[in-house]
Amino acid sequence: MIRWFQRAARSCSFVRFKRHIRNDFRRGIRRVRRNRMLAEFACAAMFFASGCRKPVAPQPGVAIEYWISPQPHRVGPAIVYVNLLDAAGDPIAGAHVDFEADMSHPGMAPAFGGLREAAPGRYQGSLEFTMPGDWVVLIHATLPGGRKLERDISVPGVTAN
Amino acid sequence: MQVPGLRRLFRWRHLRTALQIPLLIVSVAMILDGLLGPPLAPKNLASTLSWVHFRGALVLVLLCAGNFFCLACPFMLVRNMARRFFRPRLNWPQKLRNKWLSVGLFALILFCYEEFSLWSSPWWTAWLIVGYFLAVLVVDGVFKHASFCKFVCPIGQFNFVASTISPLEVKVRDLEVCDDCGTKDCIRGRRAAGPELMVIQRGCELALFQPLKVGNMDCTFCLDCVHACPHDNIGILSRLPASELMVDPRRSGIGRFSQRKDLAALAIVFSFGALLNAFGMVSPVYALESWLAGILHVNSKAPVLGVVFAMFLVVEPAVLLGMAAWSTQTWGGSRRALVPLAVRYTYGLVPLGFGMWLAHYSFHFLTGLYTVVPVTQSAFARLGWTVFGSPRWTWLGIPMRFVQPLEIGFLALGLVGSLLVIYQLADGDCAESPLRAFVPWAAVSVVLWIAAMWMMFQPMDMRGTFLAG
């Protein structure tokens, strides 16, 4: 009996109209929920992305002192000096140190080279700045024992001779 | 499209999507590497692919073929996917149906490139790409058709102007077939029968009616018209490069070039911006910036850069084009008023501007061609996938001594193209004495060409730090 009544009610146009309204309302609510979810997702993605950076490597207990001569930096040959000191401030001898020099603009010719140990813990090597502009010198050091560390040296404003 | 294999390829409905998907994947990789990868630009996918490979490939494809980068635009793929959920309801505002907004954005991108040294910042480059995706979604999510492409996208405007030089064009094969066509599907599209009128095939979203379309301006090579035409009467056909700049018919969706001050402004930013963008990378610009900073008593880059941009994009064109227009009017005997005269002949500078963009971007592309390999190897290695081996950072590109003659050739080609276009314009404008109308504009072209050649031989000097050294 109840099922008959339900069937009869479903066929009634007014009930159908109410069902359409209810369905539209549900669709509307779903649309609002969907829009809100998309907006929340977009906000979350933006907050996540704005905070995204490559994590900075923690200090390994080794100090790197460096300088590049001549100053001010000019196009042409230059000498890179690197001192490696342990946590106690003593020089670290026997490390393997090399460098890579890149310009700040991608697609430019990099320079590669190695540093020799001029004195215990003091390493030096020659590099050629081939072009004026901003450079970054990457120092790669492999310490005795195999530990590796890197340091970026910003060399802005290399001028033409 | 007469080549059998190519004809089938370009008639394939999913060609555009097939091209867009790989570029979307690459774009996502660039964004992720830019935000999470190494901060040094030569080591990062975002900066290397954007400022070396994308720019260079773009201008070379425009030179050799046409606006195929708009065909493969990944932003439109995302937009089309979003339009399955969000239907735009508004038409683009009538007052903004011109190029002024996009001219401003084009100049702004060039300004931001210098101000934020985008070339050296993978992070900012990634955010630029993200911003582009968001802008597309917002604009085309609110406004119907291809409003972003036609009225906003700075890269698109660059492509539109540059593709006026391209040797290929989307056009009608036989106009008589169009005369007999009653449905005009190329612009109206095609809908399914039924109450909902579902769109089966879009027509041109940039309002270019094919029988009246002239040239590549505003054409994104989307090929919607090719797929929509029921008579297979539209194709990608060859033509004389820059020929569309020599004539001034009423163009569908555009009007007459000579009556569009906004298009002329776009051509000015395109042509003079090429010199400005290259000037920002050579040593003398830093002496100029130091001098201006001293005069203005400022320490920050933005006001100095603003003055440089105003000089290059406003003052210099106003002086050069104004003098040339005045000379053409008084000496050449042209009957046009000064401003319409300047507007008409400005388009003659587009080939030279394109030559400068070609020389500049192809230089970076060719000399850094192979850097995509170690950067990609490095990106995969950071993910733990060493299948491509350890990065070969010594891989660079074609040596500079081979690329420089090519640069000189591109500039020479640009000058010859400009002189030819200007002569055709002069011949149409002052048939009695075309040489008198030609000379002032040819002189402007030669002056700009000399400036471009001088710049090419200056030492490259890219600095992100203001007043450093």
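Protein chains in written order, with the numbering used here: chain W, 1 to 161; chain D, 1001 to 1469. We put the beta carbon where it would ideally sit given N, CA and C, even for glycine. The model shown is predicted, which means the values in this text are computed figures rather than measured ones.
What first and last residue would you give for the beta strand (DSSP E) that runs through residue i?
| i | result |
| --- | --- |
| MET1076 (chain D) | No beta strand (DSSP E) contains MET1076 (chain D), which is instead part of the alpha helix (DSSP H) from 1074-1082. |
| VAL62 (chain W) | Segment: none, VAL62 (chain W) is in no beta strand (DSSP E) and carries neither H nor E. |
| ASP1218 (chain D) | Careful: ASP1218 (chain D) lies outside any beta strand (DSSP E) and carries neither H nor E. |
| PHE1069 (chain D) | Run containing PHE1069 (chain D): none in the beta strand (DSSP E); it sits in the alpha helix (DSSP H), 1068-1071. |
| ARG1013 (chain D) | No beta strand (DSSP E) contains ARG1013 (chain D), which DSSP labels as neither H nor E. |
| SER154 (chain W) | 148-158 |
| ARG122 (chain W) | 122-129 |
| LEU138 (chain W) | 133-142 |
Starting from residue i, trace the alpha helix (DSSP H) both ways and give me its first and last residue.
| i | result |
| --- | --- |
| MET1281 (chain D) | No alpha helix (DSSP H) contains MET1281 (chain D), which DSSP labels as neither H nor E. |
| ASP1224 (chain D) | 1224-1228 |
| ILE971 (chain D) | Given that chain D is displayed from residue 1001 to residue 1469, the structure contains no residue 971 (chain D) and the question cannot be resolved. |
| LEU1040 (chain D) | Taken as a continuous stretch (DSSP letters only), LEU1040 (chain D) belongs to no alpha helix (DSSP H), as it is neither H nor E. |
| ALA88 (chain W) | Careful: ALA88 (chain W) lies outside any alpha helix (DSSP H) and carries neither H nor E. |
| LYS1301 (chain D) | 1301-1310 |
| TRP1123 (chain D) | 1122-1142 |
| TRP1100 (chain D) | 1100-1115 |
| PHE1363 (chain D) | 1350-1367 |
| ILE1187 (chain D) | 1185-1188 |
| MET1456 (chain D) | 1434-1456 |
| ALA1431 (chain D) | Here ALA1431 (chain D) belongs to no alpha helix (DSSP H), and DSSP marks it neither H nor E. |
Check each candidate in the options and name the one with the smallest Cα separation from residue i.
| i | options | result |
| --- | --- | --- |
| VAL62 (chain W) | W:PHE112, W:VAL75 and W:GLY121 | W:GLY121 |
| SER1352 (chain D) | D:VAL1247, D:LEU1175 and D:GLY1414 | Correcting the residue identity first, residue 1352 (chain D) is Leu in this sequence and not Ser. For LEU1352 (chain D), the nearest C-alpha among the options comes from D:GLY1414. |
| TYR1114 (chain D) | D:LEU1448, D:GLU1407 and D:SER1300 | Residue identity check: residue 1114 (chain D) is Glu in the sequence provided, not Tyr. The candidate whose alpha carbon is nearest that of GLU1114 (chain D) is D:SER1300. |
| PHE1160 (chain D) | D:LEU1320, D:LEU1419, D:GLY1066 and D:ILE1021 | D:GLY1066 |
| SER1334 (chain D) | D:ARG1436, D:PHE1148, D:PRO1088 and D:LEU1062 | D:ARG1436 |
| SER104 (chain W) | W:GLY114, W:PHE129 and W:ILE64 | W:PHE129 |
| ASN83 (chain W) | W:LYS148, W:GLY76, W:ILE92 and W:PRO77 | W:ILE92 |
| PHE99 (chain W) | W:GLY76, W:LEU85, W:PRO144 and W:SER126 | W:SER126 |
| TRP1449 (chain D) | D:ALA1135, D:PHE1410, D:CYS1430 and D:VAL1421 | D:PHE1410 |
| ASN1233 (chain D) | D:LEU1206, D:GLN1259 and D:VAL1177 | D:VAL1177 |
| PRO1399 (chain D) | D:ALA1381, D:HIS1364 and D:THR1376 | D:HIS1364 |
| ARG1190 (chain D) | D:ILE1165, D:LEU1366 and D:CYS1229 | D:CYS1229 |
| HIS1053 (chain D) | D:ALA1451, D:MET1455, D:LEU1366 and D:GLN1259 | D:LEU1366 |
| PHE1158 (chain D) | D:VAL1308, D:ALA1264, D:PRO1284 and D:VAL1304 | D:ALA1264 |
| LEU1175 (chain D) | D:SER1433, D:LEU1197, D:GLY1235 and D:SER1120 | D:GLY1235 |
| GLY1156 (chain D) | D:VAL1446, D:LYS1099 and D:TRP1331 | D:LYS1099 |
Report the rounded CA-to-CA distance for residue i versus residue j, giving the unit in angstroms.
| i | j | result |
| --- | --- | --- |
| LEU1077 (chain D) | TYR1347 (chain D) | 32 Å |
| ARG151 (chain W) | LEU138 (chain W) | 6 Å |
| LEU1009 (chain D) | ARG1344 (chain D) | 38 Å |
| LEU1349 (chain D) | VAL97 (chain W) | 53 Å |
| ASP1461 (chain D) | ALA101 (chain W) | 16 Å |
| PHE1388 (chain D) | PRO1074 (chain D) | 26 Å |
| PRO55 (chain W) | ILE153 (chain W) | Because the pLDDT of PRO55 (chain W) is 39, which lies under 50, any placement of that residue in the model is unreliable, and the question is left without a value. |
| PRO1405 (chain D) | HIS1014 (chain D) | 40 Å |
| GLN1424 (chain D) | GLY1141 (chain D) | 43 Å |
| ARG147 (chain W) | ASP86 (chain W) | 12 Å |
| ARG53 (chain W) | GLY1037 (chain D) | With a pLDDT of only 43 at ARG53 (chain W), under the threshold of 50, the placement of this residue in the model should not be trusted, and no figure is reported. |
| ALA57 (chain W) | ALA1443 (chain D) | For ALA57 (chain W), the predicted model reports a pLDDT of 45, less than 50, meaning its position is unreliable and no value from the coordinates is stated. |
| VAL1226 (chain D) | ALA1192 (chain D) | 18 Å |
| GLN59 (chain W) | LEU149 (chain W) | In this prediction, GLN59 (chain W) scores a pLDDT of 49, lower than 50, which makes its location untrustworthy; the coordinate-derived value is nonetheless stated afterwards. When rounded, the distance between both Cα atoms is 9 Å. |
| LEU1212 (chain D) | PHE1380 (chain D) | 50 Å |
| ALA1267 (chain D) | PHE1209 (chain D) | 23 Å |
| TRP1291 (chain D) | PRO1459 (chain D) | 19 Å |
| CYS1204 (chain D) | TYR1286 (chain D) | 46 Å |
| TYR123 (chain W) | ARG116 (chain W) | 5 Å |
| LYS1095 (chain D) | PHE1143 (chain D) | 14 Å |
| HIS1277 (chain D) | LYS1261 (chain D) | One detail in the question is off: residue 1277 (chain D) reads as Asn in this sequence, not His. Their backbone Cα atoms lie some 23 Å apart in a straight line. |
| ALA1135 (chain D) | PHE1148 (chain D) | 8 Å |
Since residue i meets chain W, which of its residues come closer than 7 Å, beta carbon to beta carbon?
| i | result |
| --- | --- |
| HIS1364 (chain D) | GLY107 |
| MET1462 (chain D) | MET103, SER104, HIS105, GLY133 and ASP134 |
| THR1371 (chain D) | PRO106 and GLY107 |
| VAL1052 (chain D) | PRO106 and GLY107 |
| ALA1041 (chain D) | SER104, HIS105 and PRO106 |
Can residue i be considered in contact with the ligand NAD, in the sense that its beta carbon sits closer than 6 Å to one or more heavy atoms?
| i | result |
| --- | --- |
| CYS1225 (chain D) | The ligand NAD is not among the ligands present in this structure, which contains no ligands whatsoever. |
Please report the Cβ distance between residue i and residue j, rounded to the nearest whole angstrom; I am assuming they are in contact, meaning their Cβ atoms lie under 8 Å.
| i | j | result |
| --- | --- | --- |
| PRO110 (chain W) | TRP1393 (chain D) | 6 Å |
| SER1271 (chain D) | LEU1060 (chain D) | Actually they are not in contact, since the Cβ atoms of SER1271 (chain D) and LEU1060 (chain D) sit about 19 Å apart, beyond 8 Å. |
| PRO1378 (chain D) | LYS1043 (chain D) | Reading the sequence as shown, one finds Ser at residue 1378 (chain D) and not Pro. That belief holds up - the Cβ atoms of SER1378 (chain D) and LYS1043 (chain D) are roughly 6 Å apart, short of 8 Å. |
| LEU1071 (chain D) | CYS1222 (chain D) | 6 Å |
Name the chain D residues whose beta carbon is nearer than 9 Å to that of residue i?
| i | result |
| --- | --- |
| GLU100 (chain W) | TRP1393 |
Can you pull the chain W neighbours of residue i, defined as C-beta to C-beta under 9 Å?
| i | result |
| --- | --- |
| SER1390 (chain D) | Those within 9 Å of SER1390 (chain D) in chain W number zero; the least Cβ separation is about 13 Å. |
| TRP1119 (chain D) | SER104, HIS105 and PRO106 |
| LEU1396 (chain D) | GLY107, MET108, ALA109 and PRO110 |
With 7 Å as the threshold, decide whether the Cβ of residue i is near any Cβ in chain B.
| i | result |
| --- | --- |
| GLY113 (chain W) | Looking at the structure shown, chain B is missing, and the protein chains on hand are W and D. |
For residue i, return the contacting residues in chain W, with the cut-off set at a CB-CB distance below 8 Å.
| i | result |
| --- | --- |
| GLY1368 (chain D) | PRO106, GLY107 and MET108 |
| THR1048 (chain D) | PRO106 and GLY107 |
Find the residues of chain D that neighbour residue i, judging by a C-beta separation of less than 8 Å, and give them in chain order.
| i | result |
| --- | --- |
| ALA160 (chain W) | SER1283, PRO1459 and ASP1461 |
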